[in-house]
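The block underneath contains the structure these notes are about, expressed in structure tokens.
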Amino acid sequence: MTSRPGGAQPPADLPLPAGPAPAPAGGAPDDRPPAAAPRTVFLLAHTGRPAAVRSAELVVLGLLRSGIGVRVLAAEAADLPLPPAVETVPEATPDVLDGCELLIVLGGDGTLLRGAEFARASGVPMLGVNLGRVGFLAEAERDDLDKVVDRVVTRAYEVEERMTLDVVVYDNGDVLHTNWALNEAAVQKVAPERMLEVVLAIDGRPVTGFGCDGVICATPTGSTAYAFSAGGPVIWPEVEALLMVPIGAHALFAKPLVTTPDSVLAVEVEPHTPDGVLWCDGRRTVSLPAGARVEVRRGSVPVRLARLHHASFSDRLVAKFALPVSGWRGAPH
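Shown next as structure tokens:
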């Protein structure tokens with residue numbers, strides 16, 4: 001890892017860290033508790049948004065004033081008005097979050113899913129601040145930045161684990177590709193004028209087949225994302241389950257399926273059909289040759305999310321989708 005020039009010096013308006021205390025006179029034993037280890041937070045932002053640039057500046061200054069170090073990617077640091085005390089790392093290697101207690105992500109759903117890649121690889125909790133539209137993975141909004149900094153400084157947050165998916169693509173029995181997803185793994189057609197012919201299987205047994213635009217395999221977290229847009233049900237994140245949602249299927253039995261969390265979902269691309277494509281969280285993709293088989297199961301590594309409050313998922317659902325609940329009279333007493 002590298003630091004910005006002068007990275008050891010905080011900006012002029014920030015307090016200098018105290019140096020080591022002098023040793024007690026006369027060689028007496030030192031009964032003072034050891035100094036606390038330095039704290040560091042990693043910041044990831046969508047620097048293409050002016051709101052993210054300003055938000056990043058506010059978060060960084062708030063953390064530094066509280067004695068917490070901040071680390072960012074060098075490519076993003078070039079677009080952010082950051083003080084020289086901020087540590088930069090040259091590239092997104094697997095160890096960029098080493099020594100960090102938290103990952104703060106500023107942006108919309110795409111940036112939050114990008115942050116999930118860092119969080120899963122490192123095991124570091126992710127705290128999302130929504131600067132986009134829905135932001136279901138986010139825990140706070142742009143107007144909550146002061147609260148976010150305060151909660152991080154005082155460690156006043158809880159951590160919950162979200163299920164992920166492990167995805168394997170087979171071609172003629174050989175492993176062609178492996179991947180993972182937090183929201184969904186989507187098998188889709190490539191040619192807009194032709195349907196993708198698939199057969200669905202659960203736990204090694206065929207269930208149905210049809211022509212379609214695609215099939216989504218999702219987690220409960222992903223049930224409010226692409227799967228929701230395709231007509232799938234909303235699954236509370238505390239429910240452990242896997243979800244299968246057809247996209248534009250031409251069949252009588254083409255309804256969403258909810259299975260146990262230990263099920264193995266499979267989408268087989270028929271040999272006579274055009275090639276398809278696999279998208280994981282809309283970010284990572286691989287081509288699917290005709291005859292390929294995509295297997296999806298519960299992921300071995302979860303994504304850890306930092307939570308600032310205990311709002312029920314029902315309340316989150318109402319707030320994120322602006323659902324009409326004005327006629328509700330409350331539970332009977």
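First residue of the sequence shown? That's 1 in the UniProt record's numbering, and the numbers climb one at a time after it. Just so you know, even glycine gets a beta-carbon here, dropped at the ideal spot from N, CA and C.
How long is the line joining the alpha carbons of residue i and residue j, rounded to whole angstroms?
{"i": "V234", "j": "L288", "result": "28 Å"}
{"i": "G222", "j": "P50", "result": "28 Å"}
{"i": "V190", "j": "P274", "result": "8 Å"}
{"i": "T40", "j": "S326", "result": "43 Å"}
{"i": "residue 336", "j": "E193", "result": "For the chain, the structure presents residues 1 to 333; residue 336 sits outside this window and is missing."}
{"i": "T164", "j": "P302", "result": "5 Å"}
{"i": "S55", "j": "V148", "result": "11 Å"}
{"i": "P81", "j": "L43", "result": "13 Å"}
{"i": "L243", "j": "P84", "result": "47 Å"}
{"i": "E268", "j": "R329", "result": "49 Å"}
{"i": "G128", "j": "E295", "result": "30 Å"}
{"i": "T260", "j": "A241", "result": "5 Å"}
{"i": "A77", "j": "R71", "result": "9 Å"}
{"i": "G67", "j": "P271", "result": "60 Å"}
{"i": "S229", "j": "L64", "result": "41 Å"}
{"i": "D146", "j": "P237", "result": "27 Å"}
{"i": "R297", "j": "G173", "result": "17 Å"}
{"i": "V254", "j": "G115", "result": "Reading off the sequence shown, one finds Ala at residue 254, where the question assumed Val. In a straight line, the C-alpha of A254 is about 33 Å away from that of G115."}
{"i": "A92", "j": "H250", "result": "42 Å"}
{"i": "A37", "j": "V153", "result": "14 Å"}
{"i": "S263", "j": "A45", "result": "36 Å"}
{"i": "V239", "j": "T219", "result": "10 Å"}
{"i": "V89", "j": "P246", "result": "42 Å"}
{"i": "E141", "j": "G69", "result": "23 Å"}
{"i": "L231", "j": "S312", "result": "Position check: residue 231 holds Gly in this sequence, whereas Leu was assumed. When rounded, the distance between both Cα atoms is 23 Å."}
{"i": "V258", "j": "L73", "result": "39 Å"}
{"i": "D213", "j": "V105", "result": "33 Å"}
{"i": "V215", "j": "L265", "result": "11 Å"}
{"i": "P206", "j": "V60", "result": "53 Å"}
{"i": "R316", "j": "G291", "result": "41 Å"}
{"i": "D166", "j": "A119", "result": "16 Å"}
{"i": "V286", "j": "A331", "result": "49 Å"}
{"i": "G62", "j": "V86", "result": "12 Å"}
{"i": "A75", "j": "E197", "result": "42 Å"}
{"i": "T208", "j": "V168", "result": "20 Å"}
{"i": "R155", "j": "Y170", "result": "44 Å"}
With DSSP run on the structure shown, which of helix, strand or coil describes residue i?
{"i": "S229", "result": "helix"}
{"i": "R304", "result": "strand"}
{"i": "G62", "result": "helix"}
{"i": "E57", "result": "helix"}
{"i": "L141", "result": "The question names Leu, but residue 141 is Glu in the sequence shown. Of the three classes helix, strand and coil, the one that applies to E141 here is strand, per DSSP."}
{"i": "P276", "result": "Looking at the sequence itself, residue 276 is Gly, so the reference to Pro does not match. Strand, per DSSP."}
{"i": "A51", "result": "helix"}
{"i": "T260", "result": "coil"}
{"i": "A331", "result": "coil"}
{"i": "T93", "result": "coil"}
{"i": "H309", "result": "coil"}
{"i": "L104", "result": "Rather than Leu, the amino acid found at residue 104 in this sequence is Ile. DSSP places I104 in strand when its eight states are reduced to three."}
{"i": "E238", "result": "coil"}
{"i": "V129", "result": "strand"}
{"i": "G69", "result": "strand"}
{"i": "S326", "result": "coil"}
Go to residue i, then tell me how far its alpha helix (DSSP H) extends in each direction, as first and last residue.
{"i": "T111", "result": "109 to 122"}
{"i": "S314", "result": "313 to 321"}
{"i": "R151", "result": "145 to 153"}
{"i": "A181", "result": "That residue, A181, is in no alpha helix (DSSP H); its beta strand (DSSP E) goes 174 to 181."}
Between which two residues does the beta strand (DSSP E) harbouring residue i extend?
{"i": "K189", "result": "184 to 189"}
{"i": "A75", "result": "It is not in any beta strand (DSSP E) - A75 instead sits in the alpha helix (DSSP H) that spans 74 to 77."}
{"i": "P246", "result": "242 to 247"}
{"i": "residue 342", "result": "Past the edges of the chain, shown from 1 to 333, lies residue 342, and the structure says nothing about it."}
{"i": "R284", "result": "284 to 288"}
{"i": "E158", "result": "158 to 162"}
{"i": "R298", "result": "293 to 298"}
{"i": "F136", "result": "Here F136 belongs to no beta strand (DSSP E), and DSSP marks it neither H nor E."}
{"i": "L265", "result": "265 to 269"}
{"i": "L44", "result": "40 to 45"}
* Pair every Cβ in the region 198 to 207 with every Cβ in the region 140 to 160, then say whether three or more of these pairs are closer than 8 Å. => no
* the region 270 to 288 touching the region 299 to 318, judged by at least three CB pairs closer than 8 Å -> no
* Is it true that the region 84 to 97 meets the region 120 to 128, where meeting means three or more beta-carbon pairs spaced less than 8 Å apart? -> yes
* Asked: Would you say the region 131 to 138 touches the region 106 to 113, given that touching needs at least three Cβ pairs under 8 Å?
  -> yes
* Write down every uninterrupted run of the beta strand (DSSP E) in the region 184 to 223 whose length is 3 residues or greater and which is fully enclosed by it, in chain order. => 184 to 189, 196 to 202, 205 to 212, 214 to 218
* To do: Answer yes if the region 172 to 187 comes into contact with the region 314 to 321, meaning at least three C-beta pairs across the two stretches below 8 Å, and no otherwise.
  => no
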